[in-house]
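The block underneath contains the structure these notes are about, expressed in C-alpha coordinates.
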Amino acid sequence: MTHVRPTPGAEPPTDGARRSGRRAGRREAGSDLPFPHEADVTSVRATLRSPRRLRIEVLAGLVVALALIPEAISFSIIAGVDPRVGLFASFTMAVSIAFLGGRPAMISAATGAVALVIAPVVREHGMDYFIATVILAGVIQIVLGLLGVARLMRFIPRSVMVGFVNALAILIFLAQVPHLVGVPWVVYPLVAVGIAVMVFLPRVTTAVPAPLVAILALTLFTVLAAVAVPTVGDEGQLPESLPSLLLPHVPLTLETLSIIAPYALAMALVGLMESLMTAKLVDDITDTHSNKTREAWGQGAANIITGFFGGMGGCAMIGQTMINVKASRARTRISTFLAGMFLLILVVGLGDVVAVIPMAALVAVMVMVSVGTFDWHSITPSTLRRMPRSETLVMLATVAVVVVTHNLAIGVIVGVIVAMVLFARRVAHFTSVVDLAHPDPDTRVYAVVGELFFASSNDLVTQFDYVGDPVNVIIDLSQSHVWDASTVAALDAITTKYAAKGKTVTITGLNDSSQQRHDRLAGHLSGEH
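In C-alpha coordinates, the structure reads:
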(Lines of atoms letter the chains of each structure in order from A and count residues from 1; the text may use other names and numbers.)
(Lines give C-alpha, C1' and ligand atoms only; values in the text may rest on other atoms or scores of the structure.)
Protein backbone atom coordinates (compact mmCIF):
# COMPACT_ATOMS: atom_id res chain seq x y z
CA MET A 1 0.00 0.00 0.00
CA THR A 2 1.34 3.39 -0.94
CA HIS A 3 1.34 5.96 1.83
CA VAL A 4 0.70 9.65 1.39
CA ARG A 5 3.71 11.76 2.30
CA PRO A 6 2.57 14.32 4.89
CA THR A 7 2.78 17.97 3.98
CA PRO A 8 5.19 19.99 6.18
CA GLY A 9 3.30 21.49 9.10
CA ALA A 10 0.50 18.94 8.86
CA GLU A 11 -1.09 17.56 12.01
CA PRO A 12 0.24 14.03 12.60
CA PRO A 13 -2.55 11.45 12.75
CA THR A 14 -3.27 9.77 16.07
CA ASP A 15 -2.48 6.10 16.64
CA GLY A 16 -6.18 5.34 16.25
CA ALA A 17 -6.24 7.26 13.00
CA ARG A 18 -3.21 5.34 11.70
CA ARG A 19 -4.87 2.04 12.57
CA SER A 20 -8.17 3.05 11.01
CA GLY A 21 -6.31 4.35 7.97
CA ARG A 22 -4.44 1.08 7.55
CA ARG A 23 -7.73 -0.82 7.90
CA ALA A 24 -9.33 1.49 5.34
CA GLY A 25 -6.38 0.97 3.00
CA ARG A 26 -6.68 -2.80 3.27
CA ARG A 27 -10.42 -2.62 2.67
CA GLU A 28 -9.99 -0.34 -0.29
CA ALA A 29 -7.45 -2.72 -1.75
CA GLY A 30 -10.08 -5.47 -1.80
CA SER A 31 -11.75 -6.72 -4.92
CA ASP A 32 -15.09 -5.09 -4.14
CA LEU A 33 -13.77 -1.58 -3.69
CA PRO A 34 -12.39 0.80 -6.30
CA PHE A 35 -9.45 2.30 -4.39
CA PRO A 36 -6.42 0.10 -5.07
CA HIS A 37 -3.95 2.92 -4.47
CA GLU A 38 -4.40 5.10 -1.40
CA ALA A 39 -2.15 7.83 -2.83
CA ASP A 40 -4.66 8.89 -5.48
CA VAL A 41 -7.99 8.32 -3.70
CA THR A 42 -8.70 12.07 -3.68
CA SER A 43 -7.73 12.62 -7.33
CA VAL A 44 -10.62 13.87 -9.46
CA ARG A 45 -8.79 13.06 -12.69
CA ALA A 46 -8.10 9.46 -11.64
CA THR A 47 -11.70 9.03 -10.50
CA LEU A 48 -13.09 10.27 -13.83
CA ARG A 49 -11.01 7.58 -15.58
CA SER A 50 -12.37 4.83 -13.31
CA PRO A 51 -16.04 3.90 -13.88
CA ARG A 52 -16.25 2.06 -10.56
CA ARG A 53 -14.84 4.93 -8.57
CA LEU A 54 -16.99 7.45 -10.43
CA ARG A 55 -20.09 5.39 -9.69
CA ILE A 56 -19.36 5.52 -5.97
CA GLU A 57 -18.86 9.29 -6.06
CA VAL A 58 -22.10 9.84 -7.99
CA LEU A 59 -24.20 7.62 -5.74
CA ALA A 60 -22.63 9.17 -2.64
CA GLY A 61 -23.59 12.61 -3.86
CA LEU A 62 -27.17 11.46 -4.38
CA VAL A 63 -27.44 9.98 -0.87
CA VAL A 64 -26.02 13.14 0.70
CA ALA A 65 -28.42 15.33 -1.30
CA LEU A 66 -31.40 13.33 -0.02
CA ALA A 67 -30.14 13.64 3.56
CA LEU A 68 -29.53 17.38 3.15
CA ILE A 69 -33.13 18.28 2.29
CA PRO A 70 -34.88 17.80 5.66
CA GLU A 71 -31.84 19.15 7.54
CA ALA A 72 -31.76 22.35 5.46
CA ILE A 73 -35.48 22.87 5.95
CA SER A 74 -35.27 22.38 9.71
CA PHE A 75 -32.29 24.75 10.00
CA SER A 76 -34.24 27.35 8.04
CA ILE A 77 -37.00 27.07 10.60
CA ILE A 78 -34.45 27.53 13.42
CA ALA A 79 -33.14 30.67 11.70
CA GLY A 80 -36.66 31.97 11.15
CA VAL A 81 -36.43 32.12 7.35
CA ASP A 82 -38.21 30.52 4.39
CA PRO A 83 -37.13 26.88 3.72
CA ARG A 84 -35.83 27.99 0.32
CA VAL A 85 -33.15 30.07 2.06
CA GLY A 86 -31.67 26.99 3.71
CA LEU A 87 -32.03 24.77 0.65
CA PHE A 88 -30.40 27.28 -1.70
CA ALA A 89 -27.65 27.87 0.88
CA SER A 90 -26.92 24.13 0.95
CA PHE A 91 -26.73 24.06 -2.84
CA THR A 92 -24.39 27.07 -3.19
CA MET A 93 -22.20 26.05 -0.23
CA ALA A 94 -21.70 22.49 -1.49
CA VAL A 95 -20.97 23.50 -5.09
CA SER A 96 -18.66 26.37 -4.09
CA ILE A 97 -16.65 24.43 -1.51
CA ALA A 98 -16.16 21.59 -3.98
CA PHE A 99 -13.88 23.96 -5.92
CA LEU A 100 -12.62 26.23 -3.15
CA GLY A 101 -12.20 23.97 -0.11
CA GLY A 102 -9.07 22.23 1.09
CA ARG A 103 -10.67 18.95 2.23
CA PRO A 104 -11.93 16.70 -0.60
CA ALA A 105 -15.18 14.82 0.05
CA MET A 106 -16.24 17.08 2.93
CA ILE A 107 -19.80 18.43 2.72
CA SER A 108 -20.58 22.07 3.53
CA ALA A 109 -24.14 23.33 3.71
CA ALA A 110 -26.59 25.19 5.93
CA THR A 111 -26.04 24.11 9.55
CA GLY A 112 -27.82 24.36 12.86
CA ALA A 113 -24.91 26.05 14.62
CA VAL A 114 -24.84 28.90 12.10
CA ALA A 115 -28.65 29.15 12.18
CA LEU A 116 -28.64 29.57 15.95
CA VAL A 117 -25.95 32.25 15.86
CA ILE A 118 -27.55 34.53 13.26
CA ALA A 119 -31.26 33.85 13.93
CA PRO A 120 -31.61 37.06 16.03
CA VAL A 121 -30.62 39.19 13.02
CA VAL A 122 -33.60 38.24 10.89
CA ARG A 123 -35.97 38.52 13.84
CA GLU A 124 -34.81 41.99 14.87
CA HIS A 125 -33.63 43.58 11.62
CA GLY A 126 -35.06 41.64 8.64
CA MET A 127 -33.72 39.60 5.74
CA ASP A 128 -31.49 42.26 4.18
CA TYR A 129 -29.44 42.60 7.35
CA PHE A 130 -29.45 38.80 7.62
CA ILE A 131 -27.89 38.42 4.17
CA ALA A 132 -25.40 41.23 4.87
CA THR A 133 -24.34 39.35 8.02
CA VAL A 134 -23.67 36.18 6.02
CA ILE A 135 -21.53 38.10 3.49
CA LEU A 136 -19.54 39.87 6.23
CA ALA A 137 -18.98 36.55 8.03
CA GLY A 138 -17.50 35.19 4.79
CA VAL A 139 -15.14 38.16 4.55
CA ILE A 140 -14.02 37.61 8.15
CA GLN A 141 -13.39 33.92 7.47
CA ILE A 142 -11.22 34.77 4.47
CA VAL A 143 -9.18 37.22 6.57
CA LEU A 144 -8.80 34.68 9.39
CA GLY A 145 -7.84 32.00 6.91
CA LEU A 146 -5.14 34.15 5.32
CA LEU A 147 -3.86 35.07 8.80
CA GLY A 148 -3.26 31.38 9.50
CA VAL A 149 -6.06 30.59 11.94
CA ALA A 150 -5.98 26.98 10.73
CA ARG A 151 -2.62 26.53 12.45
CA LEU A 152 -4.41 26.80 15.80
CA MET A 153 -5.75 23.28 15.17
CA ARG A 154 -2.48 21.89 16.48
CA PHE A 155 -3.44 23.12 19.96
CA ILE A 156 -6.55 20.94 20.12
CA PRO A 157 -5.68 17.82 22.17
CA ARG A 158 -6.71 14.32 21.20
CA SER A 159 -9.08 14.09 24.19
CA VAL A 160 -10.97 17.16 22.93
CA MET A 161 -11.15 15.62 19.46
CA VAL A 162 -12.58 12.39 20.90
CA GLY A 163 -15.09 14.41 22.92
CA PHE A 164 -16.00 16.38 19.79
CA VAL A 165 -16.65 13.18 17.83
CA ASN A 166 -18.69 11.57 20.61
CA ALA A 167 -20.73 14.72 21.21
CA LEU A 168 -21.37 14.99 17.50
CA ALA A 169 -22.70 11.43 17.43
CA ILE A 170 -24.99 12.17 20.38
CA LEU A 171 -26.31 15.36 18.75
CA ILE A 172 -27.00 13.55 15.48
CA PHE A 173 -28.99 10.92 17.38
CA LEU A 174 -30.88 13.47 19.49
CA ALA A 175 -31.85 15.36 16.33
CA GLN A 176 -33.73 12.25 15.19
CA VAL A 177 -35.76 11.87 18.38
CA PRO A 178 -38.45 14.44 17.40
CA HIS A 179 -39.13 12.35 14.29
CA LEU A 180 -39.79 9.31 16.51
CA VAL A 181 -42.16 10.94 18.99
CA GLY A 182 -45.90 11.21 18.39
CA VAL A 183 -45.77 9.38 15.06
CA PRO A 184 -47.77 6.39 13.72
CA TRP A 185 -46.56 3.04 15.04
CA VAL A 186 -45.53 1.90 11.56
CA VAL A 187 -42.66 4.42 11.64
CA TYR A 188 -40.75 2.27 14.12
CA PRO A 189 -40.63 -0.94 12.05
CA LEU A 190 -39.76 1.18 9.00
CA VAL A 191 -36.77 2.65 10.86
CA ALA A 192 -35.77 -0.84 12.02
CA VAL A 193 -35.92 -2.20 8.47
CA GLY A 194 -33.86 0.74 7.20
CA ILE A 195 -31.19 0.09 9.84
CA ALA A 196 -31.19 -3.63 9.03
CA VAL A 197 -30.62 -2.89 5.33
CA MET A 198 -27.63 -0.68 6.14
CA VAL A 199 -26.16 -3.28 8.53
CA PHE A 200 -26.53 -6.40 6.40
CA LEU A 201 -26.45 -5.21 2.76
CA PRO A 202 -22.71 -4.26 2.82
CA ARG A 203 -21.94 -7.86 3.79
CA VAL A 204 -23.50 -8.98 0.51
CA THR A 205 -22.43 -6.20 -1.87
CA THR A 206 -20.96 -2.72 -1.82
CA ALA A 207 -21.83 -1.91 -5.41
CA VAL A 208 -24.57 0.49 -4.29
CA PRO A 209 -24.48 2.55 -1.06
CA ALA A 210 -26.66 0.87 1.55
CA PRO A 211 -28.25 4.17 2.67
CA LEU A 212 -29.51 4.78 -0.88
CA VAL A 213 -31.02 1.30 -1.04
CA ALA A 214 -32.73 1.84 2.32
CA ILE A 215 -34.21 5.18 1.22
CA LEU A 216 -35.49 3.82 -2.11
CA ALA A 217 -36.88 0.62 -0.57
CA LEU A 218 -38.78 2.37 2.22
CA THR A 219 -40.10 5.02 -0.16
CA LEU A 220 -41.40 2.43 -2.61
CA PHE A 221 -43.04 0.48 0.21
CA THR A 222 -44.82 3.48 1.73
CA VAL A 223 -46.02 4.71 -1.68
CA LEU A 224 -47.19 1.34 -3.03
CA ALA A 225 -48.78 0.31 0.27
CA ALA A 226 -50.28 3.78 0.76
CA VAL A 227 -48.90 3.92 4.29
CA ALA A 228 -49.54 7.29 5.96
CA VAL A 229 -46.28 8.35 7.64
CA PRO A 230 -44.47 11.71 7.98
CA THR A 231 -42.62 12.58 4.77
CA VAL A 232 -40.04 15.10 3.60
CA GLY A 233 -42.90 17.19 2.17
CA ASP A 234 -44.28 17.61 5.69
CA GLU A 235 -41.06 19.35 6.79
CA GLY A 236 -41.66 22.43 4.63
CA GLN A 237 -42.45 23.69 1.15
CA LEU A 238 -39.85 22.93 -1.50
CA PRO A 239 -38.82 25.70 -3.95
CA GLU A 240 -40.08 25.73 -7.51
CA SER A 241 -37.51 28.11 -9.08
CA LEU A 242 -33.75 28.54 -9.24
CA PRO A 243 -31.90 30.86 -6.84
CA SER A 244 -31.15 34.33 -8.20
CA LEU A 245 -28.39 36.84 -7.54
CA LEU A 246 -29.31 39.66 -5.17
CA LEU A 247 -27.73 42.49 -3.17
CA PRO A 248 -28.87 43.25 0.38
CA HIS A 249 -30.53 46.66 0.68
CA VAL A 250 -28.78 47.99 3.78
CA PRO A 251 -27.17 51.41 4.30
CA LEU A 252 -23.37 51.26 4.13
CA THR A 253 -22.84 53.00 7.46
CA LEU A 254 -21.06 52.37 10.74
CA GLU A 255 -24.43 51.82 12.35
CA THR A 256 -25.11 48.91 10.01
CA LEU A 257 -21.67 47.52 10.73
CA SER A 258 -22.25 47.77 14.48
CA ILE A 259 -25.48 45.79 14.08
CA ILE A 260 -24.19 42.92 11.95
CA ALA A 261 -20.51 42.71 12.97
CA PRO A 262 -20.99 40.84 16.31
CA TYR A 263 -23.20 38.22 14.67
CA ALA A 264 -20.90 37.95 11.64
CA LEU A 265 -17.86 37.41 13.85
CA ALA A 266 -19.65 34.75 15.89
CA MET A 267 -20.81 33.00 12.70
CA ALA A 268 -17.30 33.14 11.23
CA LEU A 269 -15.69 31.62 14.32
CA VAL A 270 -18.31 28.91 14.81
CA GLY A 271 -18.24 28.00 11.11
CA LEU A 272 -14.46 27.85 10.94
CA MET A 273 -14.14 25.77 14.08
CA GLU A 274 -16.69 23.20 12.98
CA SER A 275 -15.24 23.06 9.47
CA LEU A 276 -11.63 22.64 10.59
CA MET A 277 -12.55 20.04 13.20
CA THR A 278 -14.56 18.12 10.61
CA ALA A 279 -11.67 18.34 8.14
CA LYS A 280 -9.33 16.88 10.75
CA LEU A 281 -11.81 14.10 11.46
CA VAL A 282 -12.03 13.21 7.77
CA ASP A 283 -8.22 13.31 7.55
CA ASP A 284 -8.06 10.67 10.29
CA ILE A 285 -10.79 8.50 8.77
CA THR A 286 -9.29 8.50 5.27
CA ASP A 287 -5.63 8.65 6.34
CA THR A 288 -5.08 11.53 3.91
CA HIS A 289 -4.04 15.14 4.44
CA SER A 290 -6.02 18.29 3.68
CA ASN A 291 -5.08 21.94 3.34
CA LYS A 292 -6.65 23.57 6.43
CA THR A 293 -5.68 27.11 5.40
CA ARG A 294 -7.35 26.70 2.03
CA GLU A 295 -10.38 25.20 3.77
CA ALA A 296 -10.60 28.26 6.06
CA TRP A 297 -10.63 30.90 3.32
CA GLY A 298 -12.63 28.59 1.05
CA GLN A 299 -15.40 28.49 3.64
CA GLY A 300 -15.38 32.29 3.66
CA ALA A 301 -15.60 32.55 -0.12
CA ALA A 302 -18.43 30.00 -0.18
CA ASN A 303 -20.36 32.00 2.42
CA ILE A 304 -19.94 35.20 0.39
CA ILE A 305 -21.26 33.45 -2.72
CA THR A 306 -24.12 31.99 -0.70
CA GLY A 307 -25.00 35.40 0.71
CA PHE A 308 -25.21 36.99 -2.72
CA PHE A 309 -27.64 34.23 -3.75
CA GLY A 310 -29.85 34.88 -0.73
CA GLY A 311 -28.72 31.87 1.29
CA MET A 312 -28.29 31.65 5.05
CA GLY A 313 -24.65 30.60 4.93
CA GLY A 314 -23.20 27.56 6.63
CA CYS A 315 -20.12 25.44 7.26
CA ALA A 316 -19.05 21.81 7.16
CA MET A 317 -21.93 19.42 7.90
CA ILE A 318 -20.52 16.64 10.02
CA GLY A 319 -23.40 14.18 9.72
CA GLN A 320 -23.65 14.47 5.94
CA THR A 321 -19.86 14.32 5.67
CA MET A 322 -19.90 11.02 7.56
CA ILE A 323 -22.59 9.73 5.18
CA ASN A 324 -20.37 10.72 2.26
CA VAL A 325 -17.05 9.45 3.59
CA LYS A 326 -17.92 6.50 5.83
CA ALA A 327 -21.28 5.16 4.68
CA SER A 328 -20.85 5.83 0.93
CA ARG A 329 -17.00 5.69 0.79
CA ALA A 330 -16.59 8.81 -1.35
CA ARG A 331 -13.15 10.41 -1.40
CA THR A 332 -13.11 13.25 -3.96
CA ARG A 333 -14.58 16.68 -4.67
CA ILE A 334 -16.89 15.08 -7.23
CA SER A 335 -19.22 13.78 -4.52
CA THR A 336 -19.36 17.21 -2.85
CA PHE A 337 -20.15 18.97 -6.12
CA LEU A 338 -22.77 16.42 -7.10
CA ALA A 339 -24.40 16.61 -3.66
CA GLY A 340 -25.12 20.27 -4.34
CA MET A 341 -26.24 19.70 -7.92
CA PHE A 342 -28.47 16.75 -7.03
CA LEU A 343 -29.97 18.81 -4.21
CA LEU A 344 -30.97 21.55 -6.64
CA ILE A 345 -32.34 19.06 -9.17
CA LEU A 346 -34.29 17.17 -6.52
CA VAL A 347 -35.94 20.13 -4.82
CA VAL A 348 -36.63 22.20 -7.96
CA GLY A 349 -37.17 19.61 -10.69
CA LEU A 350 -38.31 16.56 -8.72
CA GLY A 351 -39.88 18.19 -5.70
CA ASP A 352 -43.06 16.12 -5.93
CA VAL A 353 -41.05 12.90 -5.89
CA VAL A 354 -38.76 13.96 -3.04
CA ALA A 355 -41.74 15.08 -0.97
CA VAL A 356 -43.02 11.48 -0.63
CA ILE A 357 -39.77 10.12 0.87
CA PRO A 358 -40.66 8.92 4.40
CA MET A 359 -38.76 10.62 7.20
CA ALA A 360 -38.31 7.16 8.69
CA ALA A 361 -35.82 6.33 5.94
CA LEU A 362 -33.71 9.43 6.62
CA VAL A 363 -33.94 8.87 10.38
CA ALA A 364 -32.57 5.35 9.89
CA VAL A 365 -29.67 6.73 7.86
CA MET A 366 -28.80 9.34 10.49
CA VAL A 367 -29.06 6.82 13.35
CA MET A 368 -26.51 4.63 11.59
CA VAL A 369 -24.31 7.66 11.01
CA SER A 370 -24.53 8.41 14.74
CA VAL A 371 -23.56 4.85 15.70
CA GLY A 372 -20.70 4.81 13.21
CA THR A 373 -19.40 8.20 14.29
CA PHE A 374 -19.25 7.51 18.04
CA ASP A 375 -15.81 6.39 19.26
CA TRP A 376 -16.97 3.31 21.20
CA HIS A 377 -13.39 2.34 22.02
CA SER A 378 -13.03 5.53 24.08
CA ILE A 379 -15.61 4.36 26.65
CA THR A 380 -14.66 0.71 27.03
CA PRO A 381 -13.62 -0.25 30.59
CA SER A 382 -10.12 -1.22 29.45
CA THR A 383 -9.58 2.18 27.82
CA LEU A 384 -10.96 4.11 30.79
CA ARG A 385 -8.68 2.17 33.17
CA ARG A 386 -5.64 2.87 31.03
CA MET A 387 -6.41 6.51 30.20
CA PRO A 388 -5.24 9.23 32.64
CA ARG A 389 -8.19 10.70 34.57
CA SER A 390 -7.39 14.18 33.31
CA GLU A 391 -7.75 13.02 29.68
CA THR A 392 -11.08 11.38 30.44
CA LEU A 393 -12.25 14.51 32.26
CA VAL A 394 -11.43 16.67 29.23
CA MET A 395 -13.34 14.32 26.93
CA LEU A 396 -16.37 14.26 29.24
CA ALA A 397 -16.33 18.05 29.68
CA THR A 398 -16.33 18.52 25.91
CA VAL A 399 -19.23 16.10 25.45
CA ALA A 400 -21.27 17.58 28.31
CA VAL A 401 -20.95 21.19 27.14
CA VAL A 402 -21.78 20.32 23.53
CA VAL A 403 -24.85 18.28 24.48
CA VAL A 404 -26.13 20.99 26.86
CA THR A 405 -25.49 23.95 24.53
CA HIS A 406 -26.03 22.10 21.22
CA ASN A 407 -22.99 24.07 20.03
CA LEU A 408 -19.91 22.11 18.98
CA ALA A 409 -17.72 25.22 18.94
CA ILE A 410 -18.45 26.13 22.57
CA GLY A 411 -17.77 22.54 23.63
CA VAL A 412 -14.41 22.50 21.86
CA ILE A 413 -13.39 25.83 23.43
CA VAL A 414 -14.34 24.62 26.91
CA GLY A 415 -12.53 21.32 26.31
CA VAL A 416 -9.35 23.09 25.24
CA ILE A 417 -9.49 25.39 28.29
CA VAL A 418 -9.98 22.44 30.66
CA ALA A 419 -7.10 20.60 28.98
CA MET A 420 -4.84 23.65 29.32
CA VAL A 421 -5.67 24.10 33.01
CA LEU A 422 -5.10 20.43 33.80
CA PHE A 423 -1.88 20.40 31.78
CA ALA A 424 -0.55 23.49 33.56
CA ARG A 425 -1.49 21.98 36.92
CA ARG A 426 0.25 18.71 36.09
CA VAL A 427 3.41 20.33 34.71
CA ALA A 428 3.61 22.68 37.70
CA HIS A 429 4.35 19.73 39.97
CA PHE A 430 7.23 18.51 37.82
CA THR A 431 9.53 21.30 39.01
CA SER A 432 11.70 20.67 42.08
CA VAL A 433 14.52 22.35 43.99
CA VAL A 434 17.41 20.04 44.92
CA ASP A 435 20.14 20.70 47.55
CA LEU A 436 23.02 20.00 45.18
CA ALA A 437 26.28 20.73 47.06
CA HIS A 438 28.05 22.45 49.94
CA PRO A 439 31.49 23.32 48.48
CA ASP A 440 32.48 25.26 51.63
CA PRO A 441 30.87 26.38 54.89
CA ASP A 442 29.86 29.74 53.39
CA THR A 443 28.32 28.38 50.15
CA ARG A 444 25.31 26.30 49.28
CA VAL A 445 24.32 25.19 45.76
CA TYR A 446 20.71 24.53 44.71
CA ALA A 447 19.65 22.93 41.43
CA VAL A 448 16.23 23.75 39.97
CA VAL A 449 14.92 20.88 37.83
CA GLY A 450 11.93 21.31 35.50
CA GLU A 451 10.20 23.86 33.33
CA LEU A 452 9.66 27.28 34.90
CA PHE A 453 6.53 29.19 33.93
CA PHE A 454 3.70 30.97 35.74
CA ALA A 455 2.24 27.79 37.28
CA SER A 456 5.47 26.18 38.48
CA SER A 457 7.39 29.33 39.44
CA ASN A 458 4.76 30.49 41.94
CA ASP A 459 5.89 27.81 44.41
CA LEU A 460 9.57 28.37 43.69
CA VAL A 461 9.94 31.18 46.25
CA THR A 462 8.88 28.91 49.14
CA GLN A 463 11.46 26.16 48.49
CA PHE A 464 14.56 27.89 49.88
CA ASP A 465 15.89 28.18 53.44
CA TYR A 466 16.39 31.93 53.68
CA VAL A 467 17.27 31.88 57.39
CA GLY A 468 19.44 28.77 57.59
CA ASP A 469 21.42 29.11 54.36
CA PRO A 470 25.01 30.47 54.38
CA VAL A 471 25.95 33.88 53.01
CA ASN A 472 26.55 32.66 49.45
CA VAL A 473 23.77 30.88 47.60
CA ILE A 474 24.13 29.55 44.06
CA ILE A 475 21.02 28.60 42.10
CA ASP A 476 21.86 26.31 39.15
CA LEU A 477 19.25 26.47 36.36
CA SER A 478 21.08 24.27 33.87
CA GLN A 479 18.33 21.62 34.16
CA SER A 480 15.44 24.05 33.68
CA HIS A 481 14.16 26.72 31.30
CA VAL A 482 12.76 30.18 32.00
CA TRP A 483 9.63 30.60 29.91
CA ASP A 484 7.96 33.80 31.10
CA ALA A 485 8.07 36.99 33.15
CA SER A 486 6.44 35.24 36.14
CA THR A 487 9.55 33.11 36.55
CA VAL A 488 11.87 36.12 36.33
CA ALA A 489 9.74 37.86 38.96
CA ALA A 490 10.01 34.77 41.20
CA LEU A 491 13.82 34.77 40.85
CA ASP A 492 13.83 38.49 41.71
CA ALA A 493 11.77 37.74 44.82
CA ILE A 494 14.20 35.00 45.89
CA THR A 495 17.17 37.35 45.43
CA THR A 496 15.40 40.09 47.39
CA LYS A 497 14.54 37.75 50.29
CA TYR A 498 18.14 36.56 50.57
CA ALA A 499 19.42 40.17 50.33
CA ALA A 500 17.16 41.13 53.24
CA LYS A 501 19.07 38.55 55.31
CA GLY A 502 22.44 39.90 54.16
CA LYS A 503 23.09 37.05 51.76
CA THR A 504 24.11 36.97 48.10
CA VAL A 505 22.46 34.94 45.32
CA THR A 506 24.20 33.89 42.10
CA ILE A 507 22.11 32.42 39.29
CA THR A 508 24.01 30.13 36.93
CA GLY A 509 23.40 27.64 34.14
CA LEU A 510 20.85 29.63 32.15
CA ASN A 511 20.60 28.60 28.51
CA ASP A 512 20.74 31.31 25.84
CA SER A 513 17.02 32.11 25.55
CA SER A 514 16.53 31.96 29.33
CA GLN A 515 19.55 34.21 29.86
CA GLN A 516 18.23 36.77 27.38
CA ARG A 517 14.82 36.81 29.04
CA HIS A 518 16.33 37.10 32.51
CA ASP A 519 18.76 39.87 31.52
CA ARG A 520 15.97 41.86 29.87
CA LEU A 521 13.44 41.61 32.72
CA ALA A 522 15.35 41.07 35.98
CA GLY A 523 14.96 44.01 38.34
CA HIS A 524 12.32 45.70 36.17
CA LEU A 525 9.15 43.80 37.12
CA SER A 526 8.39 45.62 40.36
CA GLY A 527 7.62 49.26 41.05
CA GLU A 528 10.20 49.15 43.83
CA HIS A 529 13.09 48.96 41.37
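Per this note's numbering, the sequence shown starts with residue 587, numbered consecutively. Quick reminder that beta carbons are idealized off the backbone N, C-alpha and C, glycines included.
Do residue i and residue j have their C-beta atoms closer together than 8 angstroms?
| i | j | result |
| --- | --- | --- |
| residue 951 | residue 909 | yes |
| residue 917 | residue 743 | no |
| residue 1068 | residue 1081 | no |
| residue 667 | residue 898 | yes |
| residue 800 | residue 819 | no |
| residue 902 | residue 865 | yes |
| residue 777 | residue 1001 | no |
| residue 1064 | residue 758 | no |
| residue 804 | residue 944 | yes |
| residue 859 | residue 998 | yes |
| residue 688 | residue 879 | yes |
| residue 914 | residue 797 | yes |
| residue 928 | residue 651 | yes |
| residue 664 | residue 702 | yes |
| residue 1012 | residue 976 | yes |
| residue 886 | residue 676 | no |
| residue 942 | residue 809 | yes |
| residue 895 | residue 831 | yes |
For residue i, which three-state DSSP category applies?
| i | result |
| --- | --- |
| residue 1062 | strand |
| residue 695 | strand |
| residue 1033 | strand |
| residue 1106 | helix |
| residue 902 | strand |
| residue 1024 | strand |
| residue 1068 | strand |
| residue 612 | Residue confidence for residue 612 is low, a pLDDT of 40 falling below 50, so the modelled location carries little weight and cannot support an answer. |
| residue 943 | coil |
| residue 1091 | strand |
| residue 636 | coil |
| residue 779 | helix |
| residue 817 | strand |
| residue 1018 | strand |
| residue 833 | coil |
| residue 673 | helix |
| residue 843 | helix |
| residue 838 | coil |
| residue 1096 | coil |
Have a look at residue i and residue j and give me their C-alpha separation to the nearest angstrom.
| i | j | result |
| --- | --- | --- |
| residue 770 | residue 815 | 7 angstroms |
| residue 674 | residue 849 | 21 angstroms |
| residue 618 | residue 719 | With a pLDDT of 39 at residue 618, under the threshold of 50, the modelled position of this residue cannot be trusted, and the question is left open. |
| residue 1076 | residue 1007 | 21 angstroms |
| residue 1041 | residue 1073 | 9 angstroms |
| residue 990 | residue 979 | 16 angstroms |
| residue 1098 | residue 1109 | 19 angstroms |
| residue 653 | residue 1018 | 57 angstroms |
| residue 649 | residue 716 | 30 angstroms |
| residue 630 | residue 1033 | 60 angstroms |
| residue 671 | residue 1009 | 44 angstroms |
| residue 987 | residue 1087 | 52 angstroms |
| residue 712 | residue 682 | 26 angstroms |
| residue 882 | residue 740 | 15 angstroms |
| residue 1004 | residue 726 | 27 angstroms |
| residue 730 | residue 1060 | 48 angstroms |
| residue 1070 | residue 1100 | 9 angstroms |
| residue 837 | residue 876 | 39 angstroms |
| residue 775 | residue 669 | 29 angstroms |
| residue 706 | residue 846 | 10 angstroms |
| residue 1025 | residue 1083 | 22 angstroms |
| residue 550 | residue 794 | As shown, the chain starts at 587 and ends at 1115. That puts residue 550 outside it, with no answer to give. |
| residue 1106 | residue 1044 | 20 angstroms |
| residue 752 | residue 925 | 25 angstroms |
| residue 933 | residue 948 | 16 angstroms |
| residue 721 | residue 785 | 42 angstroms |
| residue 762 | residue 1102 | 59 angstroms |
| residue 829 | residue 1038 | 59 angstroms |
| residue 1171 | residue 904 | In this structure the chain extends from 587 to 1115, so residue 1171 is not present and cannot be described. |
Using 8 angstroms for Cβ pairs, my map puts residue i next to residue j. What's the rounded Cβ distance?
| i | j | result |
| --- | --- | --- |
| residue 694 | residue 679 | 5 angstroms |
| residue 750 | residue 994 | 6 angstroms |
| residue 686 | residue 888 | 6 angstroms |
| residue 773 | residue 766 | 7 angstroms |
| residue 628 | residue 874 | 6 angstroms |
| residue 724 | residue 893 | 6 angstroms |
| residue 1056 | residue 1028 | 5 angstroms |
Exercise. Could you say if the segment 970-985 and the segment 832-842 meet the contact criterion of at least three C-beta pairs nearer than 8 angstroms?
Key: Contact between the segment 970-985 and the segment 832-842 is not established, with fewer than three Cβ pairs separated by less than 8 angstroms.
Exercise. Count the C-beta pairs between the segment 927-947 and the segment 823-842 that are closer than 8 angstroms, then say yes if the count reaches three, no if not.
Key: Contact check between the segment 927-947 and the segment 823-842: three or more CB pairs, one atom from each, fall below 8 angstroms, which counts as touching.
Self-check item: Cβ pair count under 8 angstroms reaching 3, the segment 696-704 against the segment 632-644
Solution: No, they do not touch.
Self-check item: the segment 953-970 contacting the segment 724-737, beta-carbon criterion three pairs below 8 angstroms
Solution: No: fewer than three Cβ pairs fall under 8 angstroms.
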